[in-house]
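Novice: Here the sequence shown is numbered in my numbering, starting from 5 and rising by one per residue. Even for Gly, the Cβ is constructed at its ideal location relative to N, Cα and C. Before we start, here is the structure in question, set down as structure tokens.
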Amino acid sequence: MEEVPTPHAGPGEVRIKVAAAGVCLSDVHLIEGSLTPRRLSGDTVTLGHENAGTIDEVGEGVSGITAGQRVLLRAGEPRDGVVFTRGVDYDGGWAEYAVARADTVVPIPDSLPFEQASFIPDAVSTPWAAITTTAQTQPARAVGVWGIGGLGAHAIQLLRLVGAAPLIAVDPLPAARERALAFGADIALDPADEQFDQAVTNATRGTGLGTAFDFAGVPEVREQAIRCLGENGKLVLVGLSDQPITVTDGIRFSYLGQQILGHYGSRAEHVEQLVTLAELGRLDLSRSVSEILPLSEAPEAVRRLASKQGNPIRIILRP
């Protein structure tokens, strides 16, 4: 933690008094060094790509946005056709104040608490984009979700919302499997269970999965998920990993017309759709706030998430 000068909104920008900021596994990966910024101009960056708060300064040339307005900040900022990520490629919201380009803030209703709004731009919008855009998930088609952490838990909720069925959750932790069932999964399996393959066959009535979502980013998970795919099945890679992907039975993979699709982040429309769904009561994010800590305890929040203490979905920092 360090003291820095209070930033000011430049032309086309706004300054947000941060009310809540999510702690994501990507932040842990950045700190550990397994994820590195691609476009960071200097040597340091303020973390935090999941943020919500109140507009308190409006820069020159900004219209339609006023001081006092409640907003969340989109995690990405397009620049010349390339997306720069907040809290990765430029300063994020683990701070009292954050500056954002005016077209990257999204108004939120009074009914949506800052703590819940803050993590919509990644923990909710990333699985939503993977489900609706990358996978183009169809209702009443079997789906599997590997890794019921921060993103996977929301994926369960969202897949149920779009009608995926049956919905199979996979996680080695009993608490995560219990959470998956509470969030709407039809069945929750331990990937190490000797009867795993048979359980998937029974749940899908022998057709296999239409889509498998990997939120864990683990090579063994991806191999297991591929084995569970049915005809024209898709494996969608959401969890980040620098490890190679292995297709053990390439003939079967090709014969069944299966696909592996990469996925990263979300677009503006995904965030706006989710705000609407939350405002109308279609999406309940209250259960996702595992803990709220002061900003000064950010290192402790990172430690708890990295060690999965309490099996958190989202730990929130409050400046």
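Residue ranges of each alpha helix (DSSP H) run of no fewer than 4 residues wholly in the segment 91-166, ordered along the chain?
Specialist: 118-121, 129-133, 154-166
Novice: What would DSSP say about LEU185, mapped onto helix, strand or coil?
Specialist: helix
Novice: Just mark GLU54 as buried or exposed, buried being the case when its beta carbon has 16 or more other beta carbons within 10 Å.
Specialist: buried
Novice: Using a Cβ-Cβ cut-off of 6 Å (strictly less than) and excluding sequence neighbours within five positions of ALA192, which residues of its own chain qualify?
Specialist: ALA173, ARG181, ALA184, LEU185
Novice: Just the Cα atoms here: how many angstroms apart are SER300 and TRP98?
Specialist: Inter-residue distance for SER300 and TRP98 is about 10 Å (C-alpha atoms, whole angstroms).
Novice: Buried or exposed: which applies to HIS158, given that a residue is buried once 16 or more other Cβ atoms fall within 10 Å of its Cβ?
Specialist: buried
Novice: With distance defined between alpha-carbon atoms, name the residue in GLN199, ALA106, THR208 nearest to ALA356.
Specialist: Absent from the structure is residue 356, since the part of the chain shown begins at 5 and ends at 323.
Novice: For VAL251, which beta-bridge partners are listed by DSSP?
Specialist: Beta-bridge pairing links VAL251 to no other residue.
Novice: Kindly indicate which three-state DSSP category ILE230 falls into: helix, strand or coil?
Specialist: If DSSP states are grouped into helix, strand and coil, ILE230 belongs with the helices.
Novice: At what residue ranges does the segment 18-60 contain a whole run of the alpha helix (DSSP H), taking only runs of 4 or more?
Specialist: 29-36
Novice: From ILE317 to SER311, what does the alpha carbon distance come to, in whole angstroms?
Specialist: Cα to Cα, ILE317 sits roughly 13 Å from SER311.
Novice: Look at GLY234 and THR211 and say whether their C-beta atoms are less than 8 Å apart.
Specialist: yes
Novice: Measuring CB to CB, does PRO125 end up less than 8 Å from ALA79?
Specialist: yes
Novice: Using C-beta distances below 7 Å, list every residue in its chain close to GLN228, excluding the 5 sequence neighbours before and after it, in chain order.
Specialist: PRO195
Novice: Under 8 Å between the Cβ atoms of ILE135 and VAL110?
Specialist: no
Novice: By DSSP, does SER294 sit in helix, in strand, or in coil?
Specialist: strand
Novice: Between ASN315 and the rest of its own chain, which residues show a CB-CB distance below 7 Å, the 5 nearest in sequence each way excluded?
Specialist: Residues of the same chain with a CB within less than 7 Å of the CB of ASN315, apart from the 5 flanking positions on each side, are LEU177, ALA179, ALA180 in chain order.
Novice: Under 8 Å by Cβ, that's how I've got CYS232 and GLY154 pegged, so tell me the actual separation to the nearest angstrom.
Specialist: Rounded, the Cβ-Cβ distance is 23 Å, inconsistent with contact.
Novice: For GLY151, count neighbouring Cβ atoms within 10 angstroms of its own Cβ and tell me buried if that reaches 16, exposed if not.
Specialist: Around the beta carbon of GLY151, a 10 Å sphere encloses 16 or more other beta carbons of the protein chains shown; the residue is thus reported as buried.
Novice: Rounded to a whole number of angstroms, what is the C-alpha to C-alpha distance between GLU6 and ILE320?
Specialist: 19 Å
Novice: Compare the Cα-Cα distances from SER270 to each of TYR259, VAL251, TRP132 and report the closest residue.
Specialist: TRP132
Novice: So ALA310 is in the alpha helix (DSSP H); what residue range does that whole segment cover?
Specialist: 302-310 is the span of the alpha helix (DSSP H), which, as asked, contains ALA310.
Novice: Taking the straight line between their C-alpha atoms, what separation do you get for GLU224 and SER245?
Specialist: 12 Å
Novice: Under DSSP, the alpha helix (DSSP H) around ALA203 begins and ends at which residues?
Specialist: Counted as a single uninterrupted DSSP element, the alpha helix (DSSP H) harbouring ALA203 occupies residues 200-207.
Novice: Would you please state the rounded distance, in angstroms, between the beta carbons of GLY72 and VAL22? I believe it to be under 8 Å.
Specialist: Rounded, the Cβ-Cβ distance is 15 Å, inconsistent with contact.
Novice: By the 10 Å Cβ neighbour count, where 16 or more other Cβ atoms means buried, how is SER45 classified, buried or exposed?
Specialist: A residue is called buried when at least 16 other Cβ atoms come within 10 angstroms of its Cβ; SER45 does not meet this threshold and is exposed.
Novice: In angstroms, rounded to a whole number, what distance separates the CA positions of PRO4 and GLY68?
Specialist: A question about residue 4 goes unanswered here, because the residues of the chain that appear run from 5 up to 323.
Novice: Measuring CB to CB, does TYR325 end up less than 8 Å from PRO11?
Specialist: Since the first residue shown for the chain is 5 and the last is 323, residue 325 is missing from the structure and cannot be characterised.
Novice: Bridge partners of TYR191, per DSSP?
Specialist: Position check: residue 191 holds Ile in this sequence, whereas Tyr was assumed. Its beta-bridge partners are ILE172.
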